[in-house]
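Remarks on the structure that follows.
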Amino acid sequence: MILLQVIVGGLLLGAIYALFSSGLTLIWGMMNFINFAHGEFVMLGMYAAFVMVLWFHAGPLAFIPVAALALVAVGLLVYFGVIRSVMRGPMLAQILSTFGLALLLRYLAFWIFSANFVSLPPTALRGTLRIGGILIDVPQLVGGTTAAALTIAMHLFLTRTRAGSQLLAVAEDRAAAMLMGIRPDRMQALAWAIAAGSAGIAGALIAITYPFSPSIGEVFGLTAFVVVTFGGFGSVPGALIAGLLIGLIQALSAFYLGPIYKDIAVYALFIAVLWVRPQGLMGKA
Amino acid sequence: MRGNRLARLLLLAGALMAAPLAQAADAVKIGILWPLTGNAAAAGQAAKAAAEVAQDIVNNAHPELKGIPLADTAGLPNMGGAKLELVFVDHQGNPSLAQQLALRLITQDKVHVLFGAYQSSCSFTSTAVAERYGIPFVIGDSAASNLTGRGFKWLFRVTPIATDFAEAYMRFFDDMKKQGKSIRSIAIVNENTDYGTSVGDAIEAAAKKNNMPVAIRIPYSASSSDVSAQVLQLRDKQPDVVIFISYTSDSILYMRTMRNLDYVPPMVLGDDSGFSDPSFIPAVGDIAQGVMNRSSWDIGKPGSTTYKINEMYKAKTGRDLDDTSARNLQGMLALADALNRAGSTEPEKIQKALRETDLKPEQIMMGYRGVKYDETGQNVLASTYLIQLKGKQYEPVWPEKAATTPIQWPMQTAKH
Amino acid sequence: MRNASRAAFGWLALAAGAIVYPLVLPGAFYIDVGTTLLLAAATAAAWNIIGGYAGQVSVGHAMFFGAGAYLPLLVYKLWQWPPIAGLPFGIVVSLVLAVLVGMPTFRLQGHYFSMATIAVAELIRLVVATAEPLGAAIGLQGPAVGRGVWDLTFRSGLPYYYLFLALLAMVLATSWWLQRSRLGFYLRSLRASERAARSLGVPVRRCKLLALMLSAAFTSAAGSLYAVKTGFVDPESGLGILVSVQMIIVAALGGAGTLFGPVLGALILIPLQTLTNTYFGGEGSGLTYILYGGAILLIARFEPGGLLDLVYRARGLFAKPAPSSEQSRHAA
Amino acid sequence: MLLEASAVTKQFGGFRAVSDASISIDEGEIVGLIGPNGAGKSTMFNCLSGDLPPTSGRIVYDGRDVTRASPEAHARLGIGRTFQVPVTFEDMTILENVMVGAFLRHAGRNAAHAAAMDILEMTGLAPIRDRPARSLGTPGRKRLEIARVLATRPRLLLLDEALAGLNANEIASAIQLVRAIHARGITLIVVEHVMEVIMSLAQRVLVFNQGRVIASGAARDVVQDAEVIRAYLGQTQWIAAAPAAAVP
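Protein chains in written order, with the working numbering: chain A, 8 to 292; chain B, 1173 to 1588; chain C, 5 to 336; chain D, 10 to 257.
Have a look at this one:
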């Protein structure tokens, strides 16, 4: 029973990992671009939710979409302001730009909101469910399932809709896509909007349960890297599976080996996977 | 040619850096090293506000603060009313930067005393600089036991250290057992950076010495976003007291997760830090009723000196003074007392005055038995209260003479 | 050969400037800032060997820096040796690490190497943070008060300054030699295209491994000097990801894959850091990092090839690139 | 026999790019490799140069089994190659590009420099040797690739469409260059679309179709071969004229 409890907790957290990592994997796979500021997008999503609650006493149904929209705007701003010109440069300039961006965003939040930890007051989502002997926190349950559903929705959007397949076409072969009349610029902007928006939603979902401060993005950023490489660059289903798997590994190793070993377990496994299957779980060879 | 231009640029940069370091006459300069950005920024910022309150108390006449030395006069009387001037620097939690800034404070800003540095890592490196230059360094907060005991002559620490806390806990458990409470075993849950590790180690050692079984010790990383596995382990081991040595987000997370997993041990004892963070009570006050915490600080009743100090702090920050910042405030006040007695800004005189410090309980704002340094520079009269969360605030419950309300044990009777 | 002599003159002027700097600005603080700058330049130049010339972007160089920083304090803790005696051990450990990391990951290309290095460095940091003999989270200390000259605990920062200057000179001399040597040519060719390089007989994996080992050894030596000077190391300051990132930023800002780039990057970044921290750090408003991050972002946005490019463009040095043929974004 | 490939097969998943192909090359020959797009010529090249190990079959060079040897080992043994789409080292100068090749036989910088200058003279690149490679257009890049691989002192040179995309003048000078290379005693295998070039250069021609060698022999004879014509059916227009169609 305890084992089941541990597994459920790990999977629910893993689903949220999957959601914010899927945005990163999209950009990575599509543009071969590492965004070091992705964790900061998640952090901004948390503060967007915080502001909504503080000023408008908004509930989750209001602050989650607002966080998504706010981050879509941030994503577009970042794409058109910085990324579009940097992506043609060397890889190092890309790393440099998003790292500078990460510092800038983190400390803008610091400047505005101070370094203090904040947490959202209890929302309509509260309480604990007892299902067959295990206890599940309602916000966590809603957060995890929403995140999983949105990740799957993103996958469906990419594979089943016109805009999505155009986006993938650009990822596959930019030149060929241009010949087909697709404008890569718009598709890449769309990818950034989706990536930042999903990070924003993930942030808002996490904010319901967890206290946060401006420096929290670092943790999520690193987690997202591992999830993305694990799942395979550019693969949203890969990110989903890897996210769930990492949530699970963390929970199990924290329980059986002790919490300080949970990240060790994740990195060790990650390195092992790179060794055996460098393209990741679902990546193309 | 390229080199020439760069050299010139460098010189220019140097000149610019030198600009703000102009001297103000007659003031006693205290260089304060804190993490004002980075992961520990919240603590550094709070401590900065506390230091400014201490500066206000010393520099301006505050006759309403009874008992506090130097409160009723403006400035340091023995030095012709000289004011305290604080020079804050941000070491960002980086030990190498702390070293560099200590150098800057000593050689550029010409401060007379150093104060800091929160993270033990930064205290290690910056105190070594002060030692080399023969400038007194007062540690306001860092609790790692091995900071003192390095043979340093210029190091003074007002705050109690990890071993003090650990012994206080053991005495508390003894008292409780005498009152018939059952404490068969304890659990130690500590975050795994220097703070949690050193306090956790000290408690484990003290428990061993006192034959108190440790059912389980769980070190964890404070950046965890899920702690249910740890809570389940605790539930499994059924300790009578769980001691948490945690930072802010993780202490809140633990309380929430314990609630969600329907687990309430007979007693939760927080080791200050996260449990004292002003965010803690608003976030989980309703579900953490009865949680105990270590603190040397008690706001006290309206009208009391401590209450008034808290009001000063609150006017500045909008928050209550927490224990960590209060210990820094006390450190500053104790330092000011020594500076006044030194009557001079000569390092040797300040050092001598610090050594001769002997503050009585009624002269201090904290729950220490006084301030008096041993040969290693450690305040041997530092001690702590235990407080318990009742309603919207913590109330002192131990030791008995400091208690304002009886202890509630187990913490929550409804469940369990 | 006008350019060559001009470059030589520039280097001489720079070296002279570096040597007399402590005499011009003798304050202990300025010397320490200078030492920090030299350390940043030396680590970035060491990183540049693998990350710049060979184009293999390691985001895990903290593991070498950390090995270099830990070993001196470890030999002091275990056997009370003078910390500097740990320097060669640090290099040995770093070389072993380089081989362990390089052998498998150089099969991988592009971002995989970056990710693998991040992961290994983080893994090492986490393991060290739990390892009691290595001081766990609390870290290791050197002798607080020197027992003899070999403990290198100088009251003045001047000896450290020149030690770091000597290290930087060694790294730069090695880089200069490398640029002109077969290995250097091979690294630059495989950065452009491994496939084409192999078709010309370039043993790509061996070259990358050699470059990584060279880079690791110098990074480790820098870490050792850092630990001797600071007298303290803990997992965050020795092995944290920011240690790796700083090397990349300094090198990339100045111009990766060039001899002078890392030095230029340090000359700009460290004074920028110091100035922002001096002026705005005490307020603790975070303005330090807003300016710092903003500056990095702007440089990456408008000078993606690094600032050295700007210098070259401004001087029109393109007409006849020096033999070193610094990487440049030519508009032709 | 300098090079002998027997029953070489290269399989990509379910697709056989090269199927049971056998070829043998004598020292001093110029052999043309022709065939329609996707016939497996480039894949065969990649097998011969070590870029792709064949799925099955055996390749012997100068009495040595090199089937699974690495590309760099091939280069050391004296098998050089160019790429269909030229891959130059963009950030390096033309001279430095060629020096990378020269370093294979000369460890020292000065020797490599001298050897590279030699090649640059021969290929006519000497006057622009200090320009960065990225400043070159496609014909220049192709020439640079040839220069670079010549600097490795190959005995056998595999040229993959070295002439595609050149105009008439450039083709003429490229043909001259190939002859000069041959005159140095280097054996050549040339993949080429431009039939005239093959006709004027190659002593012997191998025709690839669908991964197989469907014909071989003297150039004139092979062009008459019925199977060859069938293979090229619908593509006759470019057999005849072979304009610069492949130029982007």
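Idealized CB from N, CA, C, for every residue including glycine.
Note that this is a predicted model, so its numbers are computed, not measured.
Proximity of residue i and residue j at Cβ, strictly below 7 Å
i	j	result
residue 1312(B)	residue 1287(B)	yes
residue 1283(B)	residue 1201(B)	yes
residue 1331(B)	residue 1374(B)	no
residue 1304(B)	residue 159(C)	yes
residue 209(C)	residue 93(C)	no
residue 1465(B)	residue 1557(B)	no
residue 50(C)	residue 262(C)	no
residue 1475(B)	residue 1417(B)	no
residue 1449(B)	residue 288(C)	no
residue 16(A)	residue 1400(B)	yes
Selected residue, minimal CA-CA separation from residue i, among the options
i	options	result
residue 103(C)	88(C), 285(C), 242(C), 211(C)	211(C)
residue 246(A)	178(A), 253(A), 97(A), 234(A)	234(A)
residue 280(A)	166(C), 288(C), 123(C)	123(C)
residue 88(C)	269(C), 77(C), 298(C)	77(C)
residue 67(C)	253(C), 226(C), 307(C), 301(C)	226(C)
residue 279(C)	204(C), 34(C), 190(C)	34(C)
residue 104(A)	307(C), 118(C), 84(C)	307(C)
residue 1297(B)	1249(B), 1376(B), 1386(B), 1206(B)	1206(B)
residue 237(D)	20(D), 68(D), 43(D)	43(D)
residue 1462(B)	1427(B), 1529(B), 1522(B), 1243(B)	1427(B)
residue 291(C)	1199(B), 1208(B), 1522(B)	1208(B)
Secondary structure of residue i, DSSP reduced to three states
i	result
residue 70(D)	strand
residue 1201(B)	strand
residue 132(D)	helix
residue 106(A)	helix
residue 1233(B)	coil
residue 1478(B)	helix
residue 13(D)	strand
residue 178(C)	helix
residue 225(D)	strand
residue 145(C)	strand
residue 19(C)	helix
residue 1363(B)	strand
residue 1434(B)	coil
residue 1258(B)	strand
residue 1290(B)	coil
residue 1341(B)	helix
residue 1328(B)	strand
residue 208(C)	helix
residue 129(C)	helix
Per DSSP, cross-strand counterpart(s) of residue i
i	result
residue 65(D)	18(D)
residue 1545(B)	1551(B)
residue 1531(B)	1543(B)
residue 1562(B)	1565(B)
residue 85(C)	Its beta-bridge partners do not exist; DSSP assigns none.
residue 218(D)	221(D)
residue 1589(B)	In the structure as shown, chain B begins at 1173 and stops at 1588. Residue 1589(B) is therefore absent and cannot be evaluated.
residue 74(A)	The partner list for residue 74(A) (beta bridge, DSSP) is empty, contrary to what the question assumes.
residue 1469(B)	BP columns for residue 1469(B) are empty, so no partner.
residue 30(D)	17(D)
Self-check item: Interfacial residues, the stretch 205–230 of chain C to chain D, with Cβ spacing under 8 Å
Solution: Across the stretch 205–230 of chain C, CB contacts with chain D closer than 8 Å involve 205, 206, 207, 208, in sequence order along the chain.
Quiz item: When you check each C-beta in the stretch 110–127 of chain C against every C-beta of chain A, which residues fall closer than 8 Å?
Solution: Listed by position, the residues of the stretch 110–127 of chain C near chain A (Cβ gap below 8 Å) are 111, 112, 114, 115, 116, 118, 119, 120, 122, 123, 124, 126, 127.
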